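Chemist: After the structure tokens below, expect a handful of questions from me.
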Amino acid sequence: MSETLDTAGATAMLRAVAQAVIDQTDVLTDADLAIGDGDHGVGMRRGFEATLEALQSPPDTVEAAFKAAGTAIMSQTGGAAGAIFGTFFRSGAKAFAGRDAVDGASFAAFLETGLEAVLKRGGVTEGQKTIIDALAPAARAARAAAGGSLADVTAAAAQGALDGVEATRAMIATTGKARSLGERSIGHPDPGAISVSLILVAARDFVAAA
Amino acid sequence: MARPAKKILNDPKNVVAEMIEGLVLANDGRVAKLPKHNALVRTDLPDSKVALLIGGGSGHEPLFHGFVGRNLGDGAACGQVFAAPSPDTIVEAAKAVHRGKGVLFLYGNYAGDNMNFDMAAEMLEEDEGITVRTVRVTDDVAAAPPERTHDRRGIAGDVYMIKITGGAASELDTLDEVERVARKAVANLRSMAVAVAAGSIPETGKLTFELADDEIEIGMGAHGEAGVYRQKLASADSVADQMMEQILADLPFRRGDEIALMINNLGATTMMEMLIVNRRIRQICDREGISVHRTDVGTWVTTQEMAGFSITLLKLDDELKHYLDLPAESVGYSRM
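Take a look at the structure:
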């Protein structure tokens, strides 16, 4: 297990993340069919397939790798998910500016920077049954663990996201296409939050195996 | 009740690209696709005019991209199925339609569309110096209570909005004026839908919602978002009565008002059913003292093979009537 990831390592991690999301397309489709319109899975698959393609030409820096992923997602996923996950990676990438490797502290900063941009773009707050409800607890958990290794931070972030997904089950959607379900959205986790957990679990597993 | 989707397609991953190719050809040269983006632009666009850019997810054909033409949209940015177009596609479409007088964005009020169009508007203003204004269609009374119209989504009212705003963008000289007309129209526009059976997503073959064979859902959204209530199948008159009661009370429409009336097929409902509903709506309008200036019964805003229909009422004044009555020519909507 390595303590940091250089540009090639970060690129490999992003590829592993992309593949993990692509592999779970059906899970995301079913989750979205329960409370939305069912397009989340194929949208995420399109965006992360584009990410794999974009990362075929090796990025020069860690920042460039995350930005390339975000640009691919933004332009190919479409919908709310494209805007949100694209913004997350593109803005979050700025946390790696001038750094030649990803360590625990910079990964926590990445989550915080990305979260802040997504909050601004989406105009939502925690508790509205959105991806924020996985991303915000993940960023907090990562910050709390930021003194530790990259493995510690990614593990904390993944657990924060998974706990966040569970918490969305009890929430009532007040924004997005699930909004009109009202109380009928209770019991179902938010599909976007699930995507956040897939991304962070894949990052954790990649770092643990690296 | 799950049933396998039955559609005549090629590789489901290519539905949007192949649909656009067919749509361009169906325009007989009046519309062209941008080389690298799923965006359509009029080929006969006048040199100096306020530009109207419409757009949204695919899968609702002929909305939006089928409404590019004279006195309608100058261009359209198309997303994937049920997903907003990306900011880069919207930016390129806006640049292609811009004729020096600014661009009005007109689209349905959905979180994904709002974010992507807003990102594009910021990029256009900052990087290109192009002035952009935005009007979101919010006609679905089932989506939120009257005090929260900004939370309402756009459904079949999109068609009247494109028609009126397209006319205004042909005749009025400034972006301000075109925006003013569009805002007046959306403030006087109300719709409601009833779902009878679900449509399916081409890429997955899955139905967008579950509805029992003997049930209908009043107020359901264009993507299967839950409506206001689910009930047993009922007569055309009683369903029309329920929908009209909510629509009329919402604006509210009053005795002496003059309206445009649209009955829109969500995909698989027969013209016969819609005409029977139209008969009932006119009885209600007569009773309430509301006169109908024009009627549109047809298929414009769909969700694949979803069965059901929507009712749209637009309260008119002389100005809105003028723009609504201008001739329009496109694959999706033509009226002389």
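If you're matching them up, the sequences are chains A and B in order. At position 21 of the first sequence the residue is numbered 238 (this note's numbering), and the sequence of numbers has no breaks. At position 160 of the second sequence the residue is numbered 148 (this note's numbering), and the sequence of numbers has no breaks. The beta-carbon is built from N, C-alpha and C at its ideal position, and this holds for glycine as well. On a predicted model such as this, the values are computed, not experimentally measured, just so you know.
Three-state secondary structure (DSSP) at residue 39 of chain B?
Modeler: The count along the second sequence starts at 1 and reaches residue 39 of chain B at position 51. Strand.
Chemist: Starting from the beta carbon of residue 291 of chain A, find every residue of chain B whose beta carbon is closer than 9 Å, and list them in chain order.
Modeler: In the first sequence, residue 291 of chain A corresponds to position 74, counting from 1. Near residue 291 of chain A (Cβ distances below 9 Å), the residues of chain B are 74, 75, 76, 104, 107.
Chemist: Could you spell out the range, first to last residue, of the beta strand (DSSP E) harbouring residue 135 of chain B?
Modeler: Looking up residue 135 of chain B in the second sequence gives position 147. No beta strand (DSSP E) contains residue 135 of chain B, which DSSP labels as neither H nor E.
Chemist: Cutting at 8 Å between CB atoms, please list the residues of its own chain near residue 263 of chain A, excluding the five before and the five after it.
Modeler: As a first step, residue 263 of chain A is located in the first sequence; it is residue number 46 there, counting from the start. These residues qualify, in order along the chain: 293, 294, 295.
Chemist: What does the alpha-carbon distance come out to for the pair residue 228 of chain B and residue 238 of chain A?
Modeler: Counted from its first residue, the second sequence places residue 228 of chain B at position 240. Counted from its first residue, the first sequence places residue 238 of chain A at position 21. For residue 228 of chain B and residue 238 of chain A, the distance between alpha carbons rounds to 44 Å.
Chemist: Of all the alpha helix (DSSP H) runs that stay within the bounds of the stretch 50 to 111 of chain B, which reach a length of 4 or more residues?
Modeler: 75 to 85, 99 to 111
Chemist: Report all residues from its chain with a CB closer than 8 Å to the CB of residue 188 of chain B; omit the five preceding and five following residues, and keep chain order.
Modeler: Walking along the second sequence from the start, residue 188 of chain B turns up at place 200. Excluding sequence neighbours, residue 188 of chain B sits near -7, -5, 194, 195, 196, 292, 293.
Chemist: Check the Cβ-Cβ distances between residue 292 of chain B and every residue of chain A, and say whether any is below 8 Å.
Modeler: Taking the second sequence and counting its residues from 1, one reaches residue 292 of chain B at position 304. No, its Cβ sits nowhere closer than 8 Å to a Cβ of chain A.
Chemist: Could you list the residues in the stretch 341 to 356 of chain A with a C-beta less than 7 Å from some C-beta on chain B, going in chain order?
Modeler: none
Chemist: Kindly indicate if chain A contains any beta-carbon less than 8 Å away from that of residue 182 of chain B.
Modeler: Taking the first residue of the second sequence as 1, we reach residue 182 of chain B at position 194. Closer than 8 Å: no.
Chemist: Going along chain B in order, which residues have a C-beta closer than 7 Å to the C-beta of residue 256 of chain A?
Modeler: Locating residue 256 of chain A in the first sequence gives position 39, counting from the first residue. Within 7 Å Cβ-Cβ: 69, 70, 71, 189.
Chemist: Indicate, with yes or no, if the ligand ADP has a heavy atom lying under 7 Å from the CB of residue 416 of chain A.
Modeler: The model depicted lacks the ligand ADP and carries no ligand whatsoever.
Chemist: Taking residue 172 of chain B as the reference, which of B:309, B:5, B:26, B:33 has the closest Cα?
Modeler: Translated into the one-based positions of the second sequence, residue 172 of chain B becomes position 184. Residue 172 of chain B has its Cα closest to that of B:309, out of B:309, B:5, B:26, B:33.
Chemist: Counting only runs of 4+ residues fully inside the stretch 289 to 352 of chain A, write out the alpha helix (DSSP H) ranges in chain order.
Modeler: 296 to 309, 321 to 339
Chemist: Would you mind reading off the limits of the alpha helix (DSSP H) that contains residue 224 of chain A?
Modeler: Position 7 of the first sequence, counted from the first residue, corresponds to residue 224 of chain A. Following the DSSP letters along the chain, one finds residue 224 of chain A inside the alpha helix (DSSP H) bounded by residues 224 to 240.
Chemist: Could you work out which residue in B:142, B:153, B:177 is closest to residue 239 of chain B when comparing CA atoms only?
Modeler: For the purposes of this step, residue 239 of chain B is identified with residue 251 of the second sequence, where counting begins at 1. That would be B:177, whose Cα lies nearest to the Cα of residue 239 of chain B.
Chemist: Assuming residue 143 of chain B contacts residue 210 of chain B under a Cβ cut-off of 8 Å, what Cβ separation, rounded to an integer in Å, is found between them?
Modeler: Taking the second sequence and counting its residues from 1, the one referred to as residue 143 of chain B is at position 155. Taking the second sequence and counting its residues from 1, the one referred to as residue 210 of chain B is at position 222. Yes, residue 143 of chain B and residue 210 of chain B are in contact; Cβ-Cβ is about 5 Å, under 8 Å.
Chemist: Any C-beta of chain A sitting closer than 8 Å to the C-beta of residue 256 of chain B?
Modeler: The residue given as residue 256 of chain B occupies position 268 in the second sequence. No Cβ of chain A is located within less than 8 Å of the beta carbon of residue 256 of chain B.
Chemist: Hey, which unbroken runs of the alpha helix (DSSP H) at 4 residues or more fall wholly within the stretch 126 to 187 of chain B?
Modeler: 145 to 159, 163 to 175
Chemist: So which of B:53, B:312, B:307, B:232 has the shortest CA-CA distance to residue 278 of chain B?
Modeler: Working through the second sequence from its first residue, we reach residue 278 of chain B at position 290. Of B:53, B:312, B:307, B:232, the residue nearest in Cα terms is B:232.
Chemist: So, is residue 259 of chain B buried or exposed, given that buried needs 16 or more other C-beta atoms within 10 angstroms?
Modeler: On the second sequence, residue 259 of chain B is found 271 positions in, with the first residue counted as 1. Counting Cβ neighbours within 10 Å, residue 259 of chain B comes out exposed, since fewer than 16 surround it.
Chemist: So if DSSP puts residue 122 of chain B in a beta bridge, which residue, or which two residues, is it bridged to?
Modeler: Position 134 of the second sequence holds residue 122 of chain B. Answer is B:93, bridged to residue 122 of chain B.
Chemist: At 9 Å on the CB atoms, spell out the chain B contacts of residue 398 of chain A, in chain order.
Modeler: Along the first sequence, one-based indexing puts residue 398 of chain A at 181. 213, 214, listed in chain order.
Chemist: Using C-beta distances below 7 Å, list every residue in its chain close to residue 256 of chain A, excluding the 5 sequence neighbours before and after it, in chain order.
Modeler: The residue you call residue 256 of chain A lines up with position 39 of the first sequence. If we look at residue 256 of chain A and ignore the five residues flanking it on each side, its Cβ neighbours are 249, 296.
Chemist: Is the beta carbon of residue 407 of chain A closer than 8 Å to that of residue 428 of chain A?
Modeler: Residue 428 of chain A lies beyond the residue range present for chain A, which begins at 218 and ends at 427; the question has no answer from this structure.
Chemist: Which partner residues of residue 298 of chain B appear in the DSSP bridge assignment?
Modeler: Translated into the one-based positions of the second sequence, residue 298 of chain B becomes position 310. Beta-bridge pairing links residue 298 of chain B to B:181, B:252.
Chemist: On a CA-only basis, which of B:166, B:185, B:214, B:92 is nearest residue 156 of chain B? Give me that one, please.
Modeler: Residue 156 of chain B sits at position 168 when you count from the first residue of the second sequence. The option with the nearest alpha carbon to residue 156 of chain B is B:166.
Chemist: Quick check on residue 331 of chain A - is its C-beta less than 8 Å from some C-beta in chain B?
Modeler: Here residue 331 of chain A is taken as the residue at index 114 of the first sequence, counted from 1. Judged by the 8 Å Cβ criterion, residue 331 of chain A is not in contact with chain B.
Chemist: Going by other Cβ atoms of all chains shown within 10 Å of its Cβ, with 16 needed for buried, is residue 217 of chain B buried or exposed?
Modeler: Position 229 of the second sequence, counted from the start, is the residue given in the question as residue 217 of chain B. Its Cβ having fewer than 16 others within 10 Å, residue 217 of chain B is exposed.
Chemist: Roughly how many angstroms separate the alpha carbons of residue 321 of chain B and residue 46 of chain B, rounded to a whole number?
Modeler: Taking the second sequence and counting its residues from 1, the one referred to as residue 321 of chain B is at position 333. Taking the second sequence and counting its residues from 1, the one referred to as residue 46 of chain B is at position 58. Distance between the alpha carbons of residue 321 of chain B and residue 46 of chain B is about 17 Å.
Chemist: Rounded to a whole number of angstroms, what is the C-alpha to C-alpha distance between residue 64 of chain B and residue 56 of chain B?
Modeler: Along the second sequence, one-based indexing puts residue 64 of chain B at 76. Along the second sequence, one-based indexing puts residue 56 of chain B at 68. Near 7 Å, if we compare the C-alpha coordinates of residue 56 of chain B and residue 64 of chain B.
Chemist: Measure how close the beta-carbons of residue 152 of chain B and residue 169 of chain B come, nearest whole angstrom, since I'm counting them as under 8 Å.
Modeler: As a working mapping, residue 152 of chain B is identified with position 164 in the second sequence. As a working mapping, residue 169 of chain B is identified with position 181 in the second sequence. That pair is a contact at about 7 Å.
Chemist: Less than 8 Å separating the beta-carbons of residue 289 of chain A and residue 228 of chain A?
Modeler: Counted from its first residue, the first sequence places residue 289 of chain A at position 72. Counted from its first residue, the first sequence places residue 228 of chain A at position 11. No; because the gap between Cβ atoms is not below 8 Å, this pair is not in contact.
Chemist: Just to confirm my understanding: we take residue 417 of chain A, look at its own chain, exclude 5 residues before and 5 after, and list those with CB closer than 6 Å. What are they?
Modeler: To locate residue 417 of chain A, count along the first sequence from 1; it is residue 200. Hits under 6 Å: 355, 374, 375, 378.
Chemist: If you compare alpha carbons, which of B:274, B:2, B:140, B:299 is closest to residue 206 of chain B?
Modeler: As a working mapping, residue 206 of chain B is identified with position 218 in the second sequence. Ranking B:274, B:2, B:140, B:299 by Cα distance to residue 206 of chain B puts B:299 first.
Chemist: Once the 5 residues before and after residue 273 of chain B are set aside, which same chain residues still bring their CB inside 8 Å of it?
Modeler: Counted from its first residue, the second sequence places residue 273 of chain B at position 285. Once the five neighbours on either side are set aside, the close Cβ partners of residue 273 of chain B are 247, 249, 279, 280.
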